[in-house]
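See below for the structure under consideration.
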Amino acid sequence: MKETIKNMAAYEAELPVAEVKATYGVSHVARLSANESPYGPSPKVGPAIRDVSDDVLGFYPDGQATALRQAVAKLEQVNPDSLVFGAGADELIELLTRVILTPNDNVIVPNPTFGEYAMHAQIEQATTKSIPVNQDTGHIDFDAMFDAVDEHTTMVWLANPNNPTGVFETRSDILSFLQKLPQSVVLVVDEAYYDFVDQIDATVIRDVKDYPNLVVLRTLSKAYGLANLRIGYGVMQEPLYQVMQAVRLPYNLNTYQITGAVAALSDQLYLQSVVAKVKSEREKFEQFLTKHQFKYYQSQTNFLWIKVGDAKRVGEALLSEGYQINDRLNAEWIRIALGTVSDNEGMQRILLRK
Ligand SMILES: Cc1ncc(COP(=O)(O)O)c(C=O)c1O
Numbered sequence: 001m002k003e004t005i006k007n008m009a010a011y012e013a014e015l016p017v018a019e020v021k022a023t024y025g026v027s028h029v030a031r032l033s034a035n036e037s038p039y040g041p042s043p044k045v046g047p048a049i050r051d052v053s054d055d056v057l058g059f060y061p062d063g064q065a066t067a068l069r070q071a072v073a074k075l076e077q078v079n080p081d082s083l084v085f086g087a088g089a090d091e092l093i094e095l096l097t098r099v100i101l102t103p104n105d106n107v108i109v110p111n112p113t114f115g116e117y118a119m120h121a122q123i124e125q126a127t128t129k130s131i132p133v134n135q136d137t138g139h140i141d142f143d144a145m146f147d148a149v150d151e152h153t154t155m156v157w158l159a160n161p162n163n164p165t166g167v168f169e170t171r172s173d174i175l176s177f178l179q180k181l182p183q184s185v186v187l188v189v190d191e192a193y194y195d196f197v198d199q200i201d202a203t204v205i206r207d208v209k210d211y212p213n214l215v216v217l218r219t220l221s222k223a224y225g226l227a228n229l230r231i232g233y234g235v236m237q238e239p240l241y242q243v244m245q246a247v248r249l250p251y252n253l254n255t256y257q258i259t260g261a262v263a264a265l266s267d268q269l270y271l272q273s274v275v276a277k278v279k280s281e282r283e284k285f286e287q288f289l290t291k292h293q294f295k296y297y298q299s300q301t302n303f304l305w306i307k308v309g310d311a312k313r314v315g316e317a318l319l320s321e322g323y324q325i326n327d328r329l330n331a332e333w334i335r336i337a338l339g340t341v342s343d344n345e346g347m348q349r350i351l352l353r354k
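154 is the number that my numbering gives to position 154 of the sequence shown; each next residue is one higher, with no gaps.
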């Protein structure tokens, strides 16, 4: 077995709702620990999946996910032959790491950020350099990230907006950073929460065609409300595109995933309505945090990163009343996905008791 992963712990998944209900005797559980959508997907998705003929069951799915490829290419105005699909952005994170890293390499990530980047680097026996974000604002320290690049650096990860901070970096700041990076270093911009950003010119997805060392990731798990369907994609140029297509499993998305994802993408009005609700709740929650002098970072996502003192104690207080949030990432900070109006009000009442 690889020495680097001998003591690796398994991913701590969310407690099932039934277990929370039974343990705490609550009738309503708000699952707000994994940045999912309380609104679910477009109502077009379920019927589209149910309409798939049983005739397809005995045959492998379309290995190129052609219908989804065309839908994404049209929506995002990118080359269809720059799209690699996966079972969630998670699979793309795993694949990119597998394709790029060798044991002597290092990757650079902000701290804090999404844990999968470092986890997969560890599996590939590479090292991770974690560069603290600005403590006051949560912004990425691009200068420090650049200073950390050495001759063994092959990847830089940037979740934008970042998880768990929720903080967004502008396209111009990202491109300035990218222009300084050696071409041998791949910058992956993970735009899982892109849909929730206020700014219009927020994505670098259409810059991929100009930079062979830029990769952009997206997912339908967040704003599209489809975490269970497992749909993610990456946009990248040659030569990476060809290699990723060769290394991924041939039928990594099935027909139900492809059909459901196409239906979700076709309903942009629904997406906009979800995003509007999230933004409105985000604004109200931030006003509450400001009024009651909590430290938090300005979020451009569907979640908030809040300093509460004793994260475990506050997490337990919330859970005991049916609010499942993430208190496992930091001893003093919790991450709360924005819920419905009443869930957000309920959580605020408990936070005030801190
Ligand atoms: C920054 C970031 N990237 C990727 C993912 C994984 O998303 P998916 O459900 O598409 O695998 C998440 C999920 O929380 C995330 O926060």
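All residues carry an ideal CB built from backbone N, CA and C; glycine is no exception. Because the structure is a prediction, the values reported are computed rather than measured.
Quiz item: Is there contact here, the segment 242-260 with the segment 280-298, by at least three beta-carbon pairs under 8 Å?
Solution: no
Exercise. Say yes only if the C-beta of residue 231 is nearer than 8 Å to one or more non-hydrogen atoms of ligand 1, and no if none qualify.
Key: One-based indexing of the sequence shown puts residue 231 at position 231. Residue side-chain check: residue 231 places its Cβ nearer than 8 Å to a non-hydrogen atom of ligand 1.
Quiz prompt | Pocket of ligand 1 defined by Cβ to heavy atom distance under 6 Å | solution = 35, 88, 89, 90, 114, 159, 163, 190, 192, 219, 221, 227 and 232
Quiz prompt | Nearest-angstrom Cβ-Cβ length linking residue 234 and residue 96, presumed shorter than 8 Å | solution = By 1-based counting over the sequence shown, the position of residue 234 is 234. By 1-based counting over the sequence shown, the position of residue 96 is 96. Between residue 96 and residue 234 the Cβ distance is about 7 Å, and since that is below 8 Å, they are a contact.
Exercise. Starting from residue 182, follow the beta strand (DSSP E) in both directions and report where the run begins and ends.
Key: As a working mapping, residue 182 is identified with position 182 in the sequence shown. Premise fails: residue 182 is in no beta strand (DSSP E) and is neither H nor E.
Exercise. Assess, as a yes-or-no matter, whether the segment 188-202 is touched by the segment 214-226 under the definition of 3 or more beta carbon pairs within less than 8 Å.
Key: yes
Exercise. Return yes when the Cβ of residue 38 is within less than 9 Å of the Cβ of residue 340, no when it is not.
Key: In the sequence shown, counting from the first residue as 1, residue 340 sits at position 340. In the sequence shown, counting from the first residue as 1, residue 38 sits at position 38. Cβ atoms of residue 340 and residue 38: closer than 9 Å.
Practice problem: Answer with yes or no whether the minimum CB distance from residue 37 to chain D is below 9 Å. | Solution: The displayed structure is made up of one protein chain only, and chain D is not part of it.
Quiz item: Got a sec, what are the start and stop residues for the alpha helix (DSSP H) residue 243 sits in?
Solution: As a first step, residue 243 must be located in the sequence shown, where it is residue number 243. Per DSSP, residue 243 belongs to the alpha helix (DSSP H) from 240-247.
Exercise. Please confirm if the segment 100-113 is in contact with the segment 147-162, defined as three or more CB-CB distances below 8 Å between the two stretches.
Key: yes
Practice problem: State the CB to CB distance for the pair residue 78 and residue 171, rounded to an integer number of angstroms; the pair is presumed to be in contact (CB under 8 Å). | Solution: In the sequence shown, counting from the first residue as 1, residue 78 sits at position 78. In the sequence shown, counting from the first residue as 1, residue 171 sits at position 171. Wrong, their Cβ atoms sit about 15 Å apart, outside the cutoff.
Self-check item: Contacts around residue 372, its chain only, beta-carbon distance under 7 Å, and the 5 residues preceding and following it disregarded
Solution: Shown here, the chain extends from 1 to 354; a query on residue 372 therefore has no answer.
Quiz item: Looking at residue 135 and residue 168, is the spacing between their C-beta atoms short of 9 Å?
Solution: Taking the sequence shown and counting its residues from 1, one reaches residue 168 at position 168. Taking the sequence shown and counting its residues from 1, one reaches residue 135 at position 135. Contact flag unset, no.
Exercise. Classify residue 336 as helix, strand or coil using the three-state DSSP reduction.
Key: For the purposes of this step, residue 336 is identified with residue 336 of the sequence shown, where counting begins at 1. Three-state DSSP puts residue 336 in a strand.
Quiz prompt | Bridge partners - residue 129, DSSP secondary structure assignment | solution = Position 129 of the sequence shown, counting from 1, holds the residue named residue 129. In DSSP, residue 129 forms a bridge with 108.
Practice problem: Tell whether a beta-carbon distance below 9 Å holds between residue 112 and residue 165. | Solution: By one-based count along the sequence shown, residue 112 stands at place 112. By one-based count along the sequence shown, residue 165 stands at place 165. Yes, Cβ-Cβ distance for residue 112 and residue 165 is below 9 Å.
Quiz item: Hey, quick one: how far does the beta strand (DSSP E) through residue 303 stretch, first residue to last?
Solution: The residue labelled residue 303 in the question sits at position 303 within the sequence shown. Its beta strand (DSSP E) spans residues 303-307.
Exercise. Along the beta strand (DSSP E) that carries residue 217, what are the first and last residues, could you check?
Key: Position 217 of the sequence shown, counted from the start, is the residue given in the question as residue 217. Taken as a continuous stretch (DSSP letters only), the beta strand (DSSP E) holding residue 217 covers 214-219.
Practice problem: Give me whichever residues DSSP pairs with residue 234 in a beta bridge. | Solution: Locating residue 234 in the sequence shown gives position 234, where the first residue counts as 1. Residue 234 pairs with 84 and 217.
Quiz item: What's the gap between the Cα of residue 212 and the Cα of residue 174?
Solution: In the sequence shown, residue 212 corresponds to position 212, counting from 1. In the sequence shown, residue 174 corresponds to position 174, counting from 1. Computed Cα separation, rounded: 15 Å.
Quiz item: Which whole-angstrom value describes the C-beta separation of residue 253 and residue 85, a residue pair presumed to lie in contact below a C-beta threshold of 8 Å?
Solution: For the purposes of this step, residue 253 is taken as residue 253 along the sequence shown, with counting starting at 1. For the purposes of this step, residue 85 is taken as residue 85 along the sequence shown, with counting starting at 1. Rounded to the nearest angstrom, the Cβ distance from residue 253 to residue 85 is 5 Å, consistent with a contact under 8 Å.
Practice problem: Could you tell me which residues DSSP puts in a beta bridge with residue 159? | Solution: As a working mapping, residue 159 is identified with position 159 in the sequence shown. Per DSSP, 190.
Quiz item: Just how far apart, CA to CA, sit residue 142 and residue 101?
Solution: Here residue 142 is taken as the residue at index 142 of the sequence shown, counted from 1. Here residue 101 is taken as the residue at index 101 of the sequence shown, counted from 1. Each residue's Cα considered, the two are about 22 Å apart.
Practice problem: State the Cα-Cα distance for the pair residue 88 and residue 27, rounded to the nearest angstrom. | Solution: The sequence position of residue 88 within the sequence shown is 88, counting from 1. The sequence position of residue 27 within the sequence shown is 27, counting from 1. Straight-line Cα distance between these residues: approximately 31 Å.
Quiz item: Taking contact to mean at least 3 C-beta pairs separated by less than 8 Å, is the segment 50-70 in contact with the segment 258-267?
Solution: Cβ pair count under 8 Å is three or more, so yes.
Practice problem: Look at the Cβ atom of residue 343, then the Cβ atom of residue 32, and state whether they are nearer than 9 Å. | Solution: Working through the sequence shown from its first residue, we reach residue 343 at position 343. Working through the sequence shown from its first residue, we reach residue 32 at position 32. Closer than 9 Å, so yes.
Self-check item: Through-space distance from residue 49 to residue 299, alpha-carbon basis
Solution: For this step, residue 299 is matched to residue 299 along the sequence shown. For this step, residue 49 is matched to residue 49 along the sequence shown. Approximately 33 Å, taken between the alpha carbons.
Quiz item: Less than 9 Å separating the beta-carbons of residue 307 and residue 327?
Solution: Along the sequence shown, one-based indexing puts residue 307 at 307. Along the sequence shown, one-based indexing puts residue 327 at 327. Not a contact, by the Cβ cut-off of 9 Å.
Quiz item: Going straight from the alpha carbon of residue 69 to that of residue 41, what length do you get?
Solution: Taking the sequence shown and counting its residues from 1, the one referred to as residue 69 is at position 69. Taking the sequence shown and counting its residues from 1, the one referred to as residue 41 is at position 41. Residue 69 and residue 41 have their C-alpha atoms roughly 20 Å apart.
Quiz prompt | Cβ pair residue 223, residue 269 closer than 9 Å | solution = In the sequence shown, counting from the first residue as 1, residue 223 sits at position 223. In the sequence shown, counting from the first residue as 1, residue 269 sits at position 269. Taking 9 Å as the Cβ cut-off, residue 223 and residue 269 do not qualify as a contacting pair.
Quiz prompt | Reference residue 161; option with closest CA among 138, 183, 179 and 154 | solution = Numbered from 1 along the sequence shown, position 161 holds the residue referred to as residue 161. Comparing Cα positions, the closest option is 138.
Quiz item: Do residue 19 and residue 227 have their C-beta atoms closer together than 9 Å?
Solution: Position 19 of the sequence shown, counted from the start, is the residue given in the question as residue 19. Position 227 of the sequence shown, counted from the start, is the residue given in the question as residue 227. Cβ atoms of residue 19 and residue 227: not closer than 9 Å.
Practice problem: Can you grab the Cα-Cα spacing for the pair residue 72 / residue 195, in whole Å? | Solution: Mapped onto the sequence shown, residue 72 falls at position 72. Mapped onto the sequence shown, residue 195 falls at position 195. Spanning the two alpha carbons is a distance of roughly 14 Å.
Practice problem: Within its chain, find whatever has a CB closer than 8 Å to the CB of residue 54; leave out the 5 residues flanking it on each side and keep chain order. | Solution: For the purposes of this step, residue 54 is identified with residue 54 of the sequence shown, where counting begins at 1. Excluding sequence neighbours, residue 54 sits near nothing in its chain.
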